[in-house]
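Below is one structure, written out as structure tokens; the observations come after it.
Number of protein chains: 6
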Amino acid sequence: MSQLTHFDARGNARMVDITDKKETHRVAEVRGEVVMSPATLELIQQGGMAKGDVLGVARVAGIMAAKSTPNLIPMAHPIMITGVNIDFKFAPPNMLEIRGIVKTGGKTGVEMEALTAVSVAALTIYDMCKAVDKSMVIQNIRLVNKSGGKSGDFLREGEEPWEK
Amino acid sequence: MSQLTHFDARGNARMVDITDKKETHRVAEVRGEVVMSPATLELIQQGGMAKGDVLGVARVAGIMAAKSTPNLIPMAHPIMITGVNIDFKFAPPNMLEIRGIVKTGGKTGVEMEALTAVSVAALTIYDMCKAVDKSMVIQNIRLVNKSGGKSGDFLREGEEPWEK
Amino acid sequence: MSQLTHFDARGNARMVDITDKKETHRVAEVRGEVVMSPATLELIQQGGMAKGDVLGVARVAGIMAAKSTPNLIPMAHPIMITGVNIDFKFAPPNMLEIRGIVKTGGKTGVEMEALTAVSVAALTIYDMCKAVDKSMVIQNIRLVNKSGGKSGDFLREGEEPWEK
Amino acid sequence: MSQLTHFDARGNARMVDITDKKETHRVAEVRGEVVMSPATLELIQQGGMAKGDVLGVARVAGIMAAKSTPNLIPMAHPIMITGVNIDFKFAPPNMLEIRGIVKTGGKTGVEMEALTAVSVAALTIYDMCKAVDKSMVIQNIRLVNKSGGKSGDFLREGEEPWEK
Amino acid sequence: MSQLTHFDARGNARMVDITDKKETHRVAEVRGEVVMSPATLELIQQGGMAKGDVLGVARVAGIMAAKSTPNLIPMAHPIMITGVNIDFKFAPPNMLEIRGIVKTGGKTGVEMEALTAVSVAALTIYDMCKAVDKSMVIQNIRLVNKSGGKSGDFLREGEEPWEK
Amino acid sequence: MSQLTHFDARGNARMVDITDKKETHRVAEVRGEVVMSPATLELIQQGGMAKGDVLGVARVAGIMAAKSTPNLIPMAHPIMITGVNIDFKFAPPNMLEIRGIVKTGGKTGVEMEALTAVSVAALTIYDMCKAVDKSMVIQNIRLVNKSGGKSGDFLREGEEPWEK
Chain A
152 MSQLTHFDAR GNARMVDITD KKETHRVAEV RGEVVMSPAT LELIQQGGMA KGDVLGVARV
212 AGIMAAKSTP NLIPMAHPIM ITGVNIDFKF APPNMLEIRG IVKTGGKTGV EMEALTAVSV
272 AALTIYDMCK AVDKSMVIQN IRLVNKSGGK SGDFLREGEE PWEK
Chain B
152 MSQLTHFDAR GNARMVDITD KKETHRVAEV RGEVVMSPAT LELIQQGGMA KGDVLGVARV
212 AGIMAAKSTP NLIPMAHPIM ITGVNIDFKF APPNMLEIRG IVKTGGKTGV EMEALTAVSV
272 AALTIYDMCK AVDKSMVIQN IRLVNKSGGK SGDFLREGEE PWEK
Chain C
152 MSQLTHFDAR GNARMVDITD KKETHRVAEV RGEVVMSPAT LELIQQGGMA KGDVLGVARV
212 AGIMAAKSTP NLIPMAHPIM ITGVNIDFKF APPNMLEIRG IVKTGGKTGV EMEALTAVSV
272 AALTIYDMCK AVDKSMVIQN IRLVNKSGGK SGDFLREGEE PWEK
Chain D
152 MSQLTHFDAR GNARMVDITD KKETHRVAEV RGEVVMSPAT LELIQQGGMA KGDVLGVARV
212 AGIMAAKSTP NLIPMAHPIM ITGVNIDFKF APPNMLEIRG IVKTGGKTGV EMEALTAVSV
272 AALTIYDMCK AVDKSMVIQN IRLVNKSGGK SGDFLREGEE PWEK
Chain E
152 MSQLTHFDAR GNARMVDITD KKETHRVAEV RGEVVMSPAT LELIQQGGMA KGDVLGVARV
212 AGIMAAKSTP NLIPMAHPIM ITGVNIDFKF APPNMLEIRG IVKTGGKTGV EMEALTAVSV
272 AALTIYDMCK AVDKSMVIQN IRLVNKSGGK SGDFLREGEE PWEK
Chain F
152 MSQLTHFDAR GNARMVDITD KKETHRVAEV RGEVVMSPAT LELIQQGGMA KGDVLGVARV
212 AGIMAAKSTP NLIPMAHPIM ITGVNIDFKF APPNMLEIRG IVKTGGKTGV EMEALTAVSV
272 AALTIYDMCK AVDKSMVIQN IRLVNKSGGK SGDFLREGEE PWEK
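Residue numbers (this note's numbering), protein chains in the order written: chain A, 152 to 315; chain B, 152 to 315; chain C, 152 to 315; chain D, 152 to 315; chain E, 152 to 315; chain F, 152 to 315.
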């Protein structure tokens, strides 16, 4: 039998039965990065301070995407998320960092919601800037921290605190 | 004025006017990677051959996500995509490569559709395997090739041909 | 710091954390109006009695829209609504009144769901009748009544009872 | 007054108020069939064993459709489904059977979710095979079993156990 | 190689490339049936004439579902449908017939859109009436007629004209 | 027969057949207002200049809603919109004006897309500010200008030019 819980004993994909799981506080923190040319990074920085707020649009996209997760990820359970924060941090000369935190009081974790939020925020940054830089790369999208639920907490080693 | 076309002269986000752009054949190829433990990679490989087809589910998710792009990316134009392929390639001991190719005959490029397809395929792989490996990382999501449209072709340097 | 709870201390939009809010009975009642030519109002009235049921279609649209609220309103929480009613009342010679009532047993209010339901019902009436009257105006969409939840009840002054 | 609970005393459609219903374990099992030419059935069978996995795609589509039910069925309540299984069984020479089981711990039954899952799985099979067989027929979509909730259990008579 | 065009030579599902297909007028007609108790059929008939319009709600659901087809059927192409009609016919004592006609001027057929429209109209009828009759069966969903496109016309033999 | 084109001769709702309509440039301009307390208007004004950008979020919501129009308005045709602009104008002491312009090169007008964009932008403003002001009113949502298409141009009389 597969160790992958999203398959049954025959190897058929399924939405795992979580009917009996407990409702608890759950939080997931995900981080990712968009690497770009220094000139593009500067354009975004200027926008955040003055006109053309790339990060404001990407934040909205990420928050809305967290809510769309069960429509995108086939075996993901629908879940009532109760809070989402998306933050950005400039890491000059050529990198923008993204952090997404998602919370719920439900029966299953919100890693996928946080991963989806950060991915779509990154994709939106690509979209907003692709007229000037098509070689941007989305990288290092990873779960940094997860708490709540039966499978226990997860804390990725070697991560630095997020400070602005 | 901003060089970022998704903003107007005042810095307000907008969906760029493409009414007068020509309908032409357009193709975009995007690649990305999921890095995981060797044990997880083996589980996926076994599944593809026998039971528990992670990649089959991720392929469907990626194709459907390509169609959802304008609902996820705020300034993306709706577009009639006319073809999508998602491929996977094992790069042992710890990496899975993903390639997405999207085509259209429409007025705007399909980079965002291909980037979204590959991102959601990667997220689905994470979801299907997270019970055994929460430290997987999604990385190196990048436009490899783009043709068609006024802004000209794009070919990322240094990419190797995709062979299975 | 902003008094607008949908922003954090830095002014970044967020989905407010409601993890610790209590699940209680909550109801919201919203009303709105569509002003049109007397001839258009008559057409709709005839339809309701005989053929071409504009209001039946608008009612379905409004109920479905209540369920789409978190996909439309960026910072709105997903919520399990537990009941929706949409009613219409003719106010001749030139006005149609709409009332939407939405209920939930969840952690956050349903004002946005009721406002969205009434707005989309009004938009649908416009759509169904625009072939004969493009100058219709949607107006006076307002929260009339709200109960349940920590922020207390709200009752708009000066509203008349809804009677048919 | 109508016996159809989705209408009020005036005959207007509504989403029935379930605010006060209890959250209990609920399960629904639905079955359906796709009738096709024996050659098409053989193509699907070969695919399941080797390449071109029609049923794998249809299973993903069915599971995702279960989650879309409230967006498709106007008066259906949003509900947090907690598990979905879709199975297929070959009934040669010309029939494929589909079974969908949906679970929840919520306030209303999941018959509609299971019916929708099986219907969309059947539609997907049609789509994947229509290049070789346009005369396939979807038939006998029916609730087989339902438990949980105030309205009591339902067990369709004359159904055989599902064995592969 | 598979004869199923939705798979490539390796058996991987794909959205078939239709970039070079011509835009032509295309029409698809689908029919299906809901079998129910005579008492339920009478309830629906009375509603159509007086109060509680089951068929009006089902018609709206079917038309909206036609537009959702590419979000439900994984390999279906997005397509601009240009017209939808849903009709119902009572076949007493225990059957309701549904007909859906979908049109487009696009690059691919609209069979799936018409099949989806009729299926969702049938599911909605089940939903509206399930409080009085859980043993209803959806059956005989079939393509009756298709015209336009390279693959030629299709006319199912033995179908009677649709007359009310 | 009804003059309302969204119904057939029997009074059944339908998506009107536009297969033979010509693809032309079409533009629609819609305006609307949100009336609020002077204190709330000031809060929004400060945000636009410093922190907490209510209008930035509402603009994104309005643009995305334009793309969702056919999923919200039952009889609306899917259409490829090719440009969207949402603008805001302060009309102190207590009013915020919204203008939405939507363009397409398709077969049907984009009034509904522009009306939906402005409505959802207004609803989002309500959502972002409802913690401080629940008595805001959405009003005067109206088509101001429409060009392109067989039914001819429409220009609402008495409208002033939009100047900031």
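Note that beta-carbon positions come from the ideal geometry of N, C-alpha and C, so glycine has one too.
| task | Following the continuous alpha helix (DSSP H) through C:Ser178, name the residue where it begins and the one where it ends. | result | By one-based count along the third sequence, residue 178 of chain C stands at place 27. The question names Ser, but residue 178 of chain C in the sequence shown is Val. Counting along the chain, C:Val178 falls outside any alpha helix (DSSP H), though it belongs to the beta strand (DSSP E) covering 177 to 186.
- Query: With a CB to CB cut of under 7 angstroms and the five nearest residues on each side skipped, what residues in its chain are close to A:Thr220?
  - Reply: Residue 220 of chain A sits at position 69 when you count from the first residue of the first sequence. For A:Thr220, where only same-chain residues beyond five positions count, the Cβ hits under 7 angstroms are Ala227, Met263, Glu264, Thr267.
- For E:Gly183, does the count of other Cβ atoms within 10 angstroms reach 16, so buried, or fall short, so exposed? To locate residue 183 of chain E, count along the fifth sequence from 1; it is residue 32. The residue in question, E:Gly183, is buried, as its Cβ has 16 or more Cβ neighbours within 10 Å.
Item to complete: May I ask which residues mark the beginning and end of the beta strand (DSSP E) holding E:Ala242?
Response: As a position in the fifth sequence, residue 242 of chain E is number 91, starting the count at 1. Run containing E:Ala242: 232 to 242, per the beta strand (DSSP E) assignment.
query: When the cut-off is 8 angstroms and only beta carbons count, does C:Val186 lie next to chain D?
result: Locating residue 186 of chain C in the third sequence gives position 35, where the first residue counts as 1. Answer no: the Cβ-Cβ gap between C:Val186 and chain D never drops below 8 angstroms.
Return helix, strand or coil for F:Ile214, following the three-state DSSP convention. As a first step, residue 214 of chain F must be located in the sixth sequence, where it is residue number 63. If DSSP states are grouped into helix, strand and coil, F:Ile214 belongs with the helices.
Closest by CA to D:Glu248, which one among D:Lys218, D:Ile195, D:Ala282, D:Lys297? For the purposes of this step, residue 248 of chain D is taken as the residue at position 97 of the fourth sequence. If we check each option's Cα against that of D:Glu248, D:Ile195 comes out closest.
Proximity test, Cβ basis, 8 angstroms: E:His157 and chain D: Within the fifth sequence, the letter at position 6 stands for residue 157 of chain E. Closer than 8 angstroms to some Cβ of chain D, the Cβ of E:His157 qualifies, so yes.
Suppose the cutoff is 7 angstroms on Cβ atoms and the five residues either side in sequence are ignored; what does the same chain contact list for B:Leu155 look like?
Taking the second sequence and counting its residues from 1, the one referred to as residue 155 of chain B is at position 4. Leaving aside the five residues that flank B:Leu155 on each side, none in its chain has a CB nearer than 7 angstroms to its CB.
Considering just the uninterrupted stretch of the beta strand (DSSP E) at D:Glu248, what are its terminal residues?
Residue mapping note: residue 248 of chain D aligns to position 97 of the fourth sequence, counting from 1. Unbroken beta strand (DSSP E) run through D:Glu248: 246 to 255.
ask   = Given 8 angstroms as the limit, is there contact between the region 161 to 174 of chain D and the region 287 to 295 of chain D, that is, 3 or more CB pairs closer than that?
value = no
- Task: Identify whether A:Asn291 lies in helix, strand or coil by the three-state DSSP scheme.
- Result: Your numbering for residue 291 of chain A matches position 140 in the first sequence. Strand, per DSSP.
- Item | Chain-ordered chain F contacts of E:Val181 [CB-CB under 7 angstroms] | Mapped onto the fifth sequence, residue 181 of chain E falls at position 30. Simply none; closest approach about 15 angstroms.
Would B:Asp204 count as contacting chain D if we go by Cβ distances under 8 angstroms?
By one-based count along the second sequence, residue 204 of chain B stands at place 53. Closer than 8 angstroms to some Cβ of chain D, the Cβ of B:Asp204 qualifies, so yes.
Could you have a look at B:Asn222 and say whether DSSP puts it in helix, strand or coil?
As a first step, residue 222 of chain B must be located in the second sequence, where it is residue number 71. Of the three classes helix, strand and coil, the one that applies to B:Asn222 here is helix, per DSSP.
### Message
Once DSSP output is grouped into helix, strand and coil, what is the label at F:Ala164?
### Response
For the purposes of this step, residue 164 of chain F is identified with residue 13 of the sixth sequence, where counting begins at 1. Residue state, collapsed to three classes: strand.
Strictly under 8 angstroms for the Cβ-Cβ distance: is E:Asn236 near chain F by that measure? Numbered from 1 along the fifth sequence, position 85 holds the residue referred to as residue 236 of chain E. Interface residue, yes.
Terminal residues of the alpha helix (DSSP H) in which B:Ala268 lies:
Residue mapping note: residue 268 of chain B aligns to position 117 of the second sequence, counting from 1. Residues 262 to 280.
Taking Cβ positions, are C:Leu192 and C:Pro244 nearer each other than 8 angstroms? Start at 1 with the first residue of the third sequence, and residue 192 of chain C comes out as number 41. Start at 1 with the first residue of the third sequence, and residue 244 of chain C comes out as number 93. Yes, the Cβ-Cβ distance between C:Leu192 and C:Pro244 is below 8 angstroms.
Interface flag, D:Val211 vs chain B, CB-CB below 8 angstroms: Looking up residue 211 of chain D in the fourth sequence gives position 60. Yes, D:Val211 lies at the interface with chain B (some Cβ there is under 8 angstroms from its Cβ).
Handout entry: Short Cβ contact (8 angstroms threshold) for D:Leu223 with E:Ala216
Key = Translated into positions along the fourth sequence, residue 223 of chain D becomes position 72. Translated into positions along the fifth sequence, residue 216 of chain E becomes position 65. Yes, Cβ-Cβ distance for D:Leu223 and E:Ala216 is below 8 angstroms.
Helix, strand or coil: which one does DSSP assign to D:Leu107?
The requested residue 107 of chain D does not occur in the structure, where chain D is confined to residues 152 to 315.
- For chain E, is any of its Cβ atoms less than 8 angstroms away from the one on F:His228? The sequence position of residue 228 of chain F within the sixth sequence is 77, counting from 1. Chain E, which has a Cβ nearer than 8 angstroms to the Cβ of F:His228, makes this yes.
Taking its Cβ as the centre, do 16 or more other Cβ atoms sit within 10 Å of B:Gly260, making it buried, or is it exposed? To locate residue 260 of chain B, count along the second sequence from 1; it is residue 109. That one is buried.
_Less than 7 angstroms between C-beta atoms, sequence neighbours within five positions excluded: which residues of the same chain meet that for D:Ser188?_
Mapped onto the fourth sequence, residue 188 of chain D falls at position 37. Contacts found: Asn245, Asp284.
Note to self: Between A:Thr175, A:Thr170, A:Arg177, A:Ile232, which has its C-alpha nearest D:Arg177's C-alpha?
What the structure shows: Along the fourth sequence, read from residue 1 onward, the residue named residue 177 of chain D stands at position 26. Nearest of A:Thr175, A:Thr170, A:Arg177, A:Ile232 to D:Arg177, Cα basis: A:Thr170.
Quiz item: Roughly how many whole angstroms lie between the Cα atoms of C:Ser319 and C:Ile230?
Solution: Residue numbering for chain C in the displayed model covers 152 to 315; residue 319 of chain C lies beyond these limits and cannot be assessed.
### Task
Take E:Ile276 as the anchor and find which of E:Ile232, E:Lys258, E:Val208 has the nearest alpha-carbon.
The residue you call residue 276 of chain E lines up with position 125 of the fifth sequence. Taking only the C-alpha atoms, the option nearest E:Ile276 is E:Val208.
Residues in the same chain with beta-carbon distance under 7 angstroms from C:Val186, minus the five sequence neighbours each way, listed in chain order, please. In the third sequence, the residue the question calls residue 186 of chain C occupies position 35. Asn245, Met246, Met287, Val288, Gln290, listed in sequence order.
Can you list, in chain order, the residues of its chain whose CB lies under 6 angstroms from that of E:Glu180, leaving out five sequence neighbours each side? Position 29 of the fifth sequence, counted from the first residue, corresponds to residue 180 of chain E. Excluding positions up to five away in sequence, the list reads Ile252, Val295, Asn296.
- Item | A:Ala282 versus E:Leu306 - alpha carbon distance | Your numbering for residue 282 of chain A matches position 131 in the first sequence. Your numbering for residue 306 of chain E matches position 155 in the fifth sequence. Their Cα atoms are separated by approximately 49 angstroms.
* To do: Could you list which residues in chain A have their beta carbon closer than 8 angstroms to that of C:Ile169, in chain order?
  => For the purposes of this step, residue 169 of chain C is taken as the residue at position 18 of the third sequence. Result: Thr233, Gly234.
Practice item. Just the chain E side, please: which residues come within less than 7 angstroms of C:Val271 by C-beta, in chain order? Key: Taking the third sequence and counting its residues from 1, the one referred to as residue 271 of chain C is at position 120. Those do not exist, as C:Val271 stays about 12 angstroms from chain E at its closest Cβ, beyond 7 angstroms.
Local Cβ density within 10 Å of F:Gly309, reported as buried at 16 or more and exposed below that: Reading the sixth sequence from its first residue, position 158 is the one you call residue 309 of chain F. So F:Gly309 ends up on the exposed side.
* Report the neighbours of E:Asn163 on chain B: residues whose CB is nearer than 9 angstroms to its CB, in chain order. => Position 12 of the fifth sequence, counting from 1, holds the residue named residue 163 of chain E. What E:Asn163 touches in chain B: Leu206, Gly207, Arg210, Asn236, Ile237, Asp238, Phe239.
- Task: Using a threshold of 8 angstroms, state whether the C-beta atoms of F:Val205 and F:Gly198 are closer than that.
- Result: Counting from one through the sixth sequence, the residue named residue 205 of chain F turns up at place 54. Counting from one through the sixth sequence, the residue named residue 198 of chain F turns up at place 47. Going by C-beta atoms, F:Val205 is nearer than 8 angstroms to F:Gly198.
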